[in-house]
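Residue numbers (numbering that gives the first Met the number 0): 0 to 355.
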Amino acid sequence: MKDYYKVLGVNRNSSLEDIKMAYKKLAMKYHPDRNSNDLKSEEKFKEIKEAYEFLTNKNNFKNSNNFHSENINFSDFSTSESSLDDIFNVIFQKNFKKDNKFYFSLEINLETAIYGATIDLKIPYKGTCQKCFGKGNKPGSDMKICSKCHGSGFYTIMQGIFSFKQKCYKCGGKGYVSVEICLNCSGVGKVDKKYNCNIFINKNSDNNTQISLKHLKSDEFLLDNCYILIKIKPHNLFLRKNLKNNDLFLNYYLDFSKAILGGYIKVFTIYGYILYRISKYTQNNKYLKIPGFGLNFKNRFGDLYVYFFIEIPVNINYNQWFLINKLRISTNFSENYLFSNINSYNSFLDNIFKLF
Numbered sequence: 000m001k002d003y004y005k006v007l008g009v010n011r012n013s014s015l016e017d018i019k020m021a022y023k024k025l026a027m028k029y030h031p032d033r034n035s036n037d038l039k040s041e042e043k044f045k046e047i048k049e050a051y052e053f054l055t056n057k058n059n060f061k062n063s064n065n066f067h068s069e070n071i072n073f074s075d076f077s078t079s080e081s082s083l084d085d086i087f088n089v090i091f092q093k094n095f096k097k098d099n100k101f102y103f104s105l106e107i108n109l110e111t112a113i114y115g116a117t118i119d120l121k122i123p124y125k126g127t128c129q130k131c132f133g134k135g136n137k138p139g140s141d142m143k144i145c146s147k148c149h150g151s152g153f154y155t156i157m158q159g160i161f162s163f164k165q166k167c168y169k170c171g172g173k174g175y176v177s178v179e180i181c182l183n184c185s186g187v188g189k190v191d192k193k194y195n196c197n198i199f200i201n202k203n204s205d206n207n208t209q210i211s212l213k214h215l216k217s218d219e220f221l222l223d224n225c226y227i228l229i230k231i232k233p234h235n236l237f238l239r240k241n242l243k244n245n246d247l248f249l250n251y252y253l254d255f256s257k258a259i260l261g262g263y264i265k266v267f268t269i270y271g272y273i274l275y276r277i278s279k280y281t282q283n284n285k286y287l288k289i290p291g292f293g294l295n296f297k298n299r300f301g302d303l304y305v306y307f308f309i310e311i312p313v314n315i316n317y318n319q320w321f322l323i324n325k326l327r328i329s330t331n332f333s334e335n336y337l338f339s340n341i342n343s344y345n346s347f348l349d350n351i352f353k354l355f
């Protein structure tokens, strides 16, 4: 069993201030930055830090005669400078974590989702400063123990009867700060960098399609558990009302003569233009269903629903106005007169054709 007082070279009646002073002296002596490639010094520094963290805990300090190192789970005192959470929060702005996986939402247009594409991404992240090698101090300058965390890299937040350890914001969890900071990184040890990579989006990628980033390689971060989550942006022509099916909806503005007479119209679909025959007497806000011209996500073709909106001509000249008015009178159109015989119907068609 370890005697933490002995590790720091103090007796059991020492005050917290005595323990802190002893720790500062030993930490400066055995710090890895002052003892490069010295494994014994590195182990000694870890032991000193473990002892300091244990003894400066108020509960442990009061009951130190009854506690030994075997009773404490020191995983709570992790000294890792940055976790994957920290890295991913820096790399991506729109992200969330679920089931130990990190997701970055990437918005693409509908055409890219249908036909696929290779997208060039520039991933921003905080990388190690090459001037100070991540230490934050001016090359050649001295280091000193952080006054906020006293070299532990963490400080304690009390909330009622509970206490929580927080990574020190002043030293970034290192336990020491620079006497003279590095001007390149402003003493942080990290600088803004960009990682260039290509992301391939497969054909017919639906909303929430996941693309793994584990193939990306970098010396400064790992993305094994990171995924891009596809989000399809709203289209300016096609509307997708229900994400559970692959149907698309399109508004089509139809001139009133075509609405009355019927015939072929040119319909724009996600696969190109097609000619489609509509029946006569097409009413405003009615729709036609074109099977198989929706999306093809998950190997299931949806349909295209075309909603018609009848366009009324504007800025017509006097002759056109006269003919339309004559047509209205002759067909009693204002009363929604239904043609009862073929002669009146043919007369109506003749008048329509004279307008164009």
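For glycine and all other residues, C-beta sits at the position ideal for the given N, C-alpha and C.
Check                                                                                                                  : Outcome
N-terminal and C-terminal residue of the beta strand (DSSP E) that Leu38 is part of                                    : Leu38 -> not in any beta strand (DSSP E); alpha helix (DSSP H) instead, spanning Leu38 to Leu54.
With 16 other Cβ atoms within 10 Å as the buried cut-off, status of Tyr3                                               : buried
Spatial distance of Asn324 from Ala116 (CA atoms)                                                                      : 55 Å
Nearest candidate by alpha-carbon position, reference His30, set Gly174, Cys131, Leu7 and Ala258                       : Gly174
9 Å Cβ cutoff met for Ala112 and Ile229                                                                                : yes
Member of Gly126, Lys125 and Tyr168 whose CA lies at the smallest distance from the CA of Ser146                       : Tyr168
Buried/exposed call for Leu303, threshold 16 Cβ in 10 Å                                                                : buried
Beta-carbon proximity check, Gly152 vs Cys181, cutoff 9 Å                                                              : no
Pairwise C-alpha distance: Asn201 and Lys265                                                                           : 30 Å
Check whether Leu238 and Leu249 have beta carbons under 9 Å apart                                                      : yes
Gln209 - partner residues in DSSP beta bridges                                                                         : Leu228
Check whether Tyr226 and Phe101 have beta carbons under 9 Å apart                                                      : yes
Contacting residues, own chain, Cβ-Cβ under 8 Å from Glu16 (five flanking each side not counted)                       : none
Lys19 versus Lys45: straight-line alpha-carbon distance, rounded                                                       : 15 Å
Best match in Asp223, Lys257, Asn283 and Ile289 for proximity to Asn245 [C-alpha to C-alpha]                           : Ile289
Environment of Thr208 [buried if 16+ CB atoms lie within 10 Å]                                                         : buried
Residue closest to Cys196, alpha-carbon to alpha-carbon, out of Tyr251, Leu260 and Lys121                              : Lys121
Helix, strand or coil at Asn136 according to DSSP, with G and I counted as helix                                       : strand
Cα-Cα separation between Arg327 and Leu105, rounded to whole angstroms                                                 : 55 Å
Strand pairing of Leu253, partner residues [DSSP]                                                                      : Ile309
Separation of Asn34 from Glu42, as counted between CA atoms                                                            : 11 Å
Same chain only: Cβ atoms within 6 Å of His149, ignoring 5 sequence neighbours per side                                : Lys19
DSSP-derived helix/strand/coil call for Ile323                                                                         : helix
Neighbourhood of Ile47 by C-beta distance below 8 Å, restricted to the same chain and skipping five residues each side : Val6, Leu7, Tyr22, Leu25, Ala26 and Tyr29
Element boundaries [alpha helix (DSSP H), containing Asp17]                                                            : Leu15 to Tyr29
Proximity to Thr281 [Cα-Cα], best of Phe300, Ile259 and Glu310                                                         : Ile259
Nearest residue (CA-CA) to Lys369, options Lys279, Ser204 and Asn284                                                   : With the chain running from 0 to 355 in the structure shown, residue 369 is simply not present.
Three-state class that DSSP yields for Lys193 in the structure shown                                                   : strand
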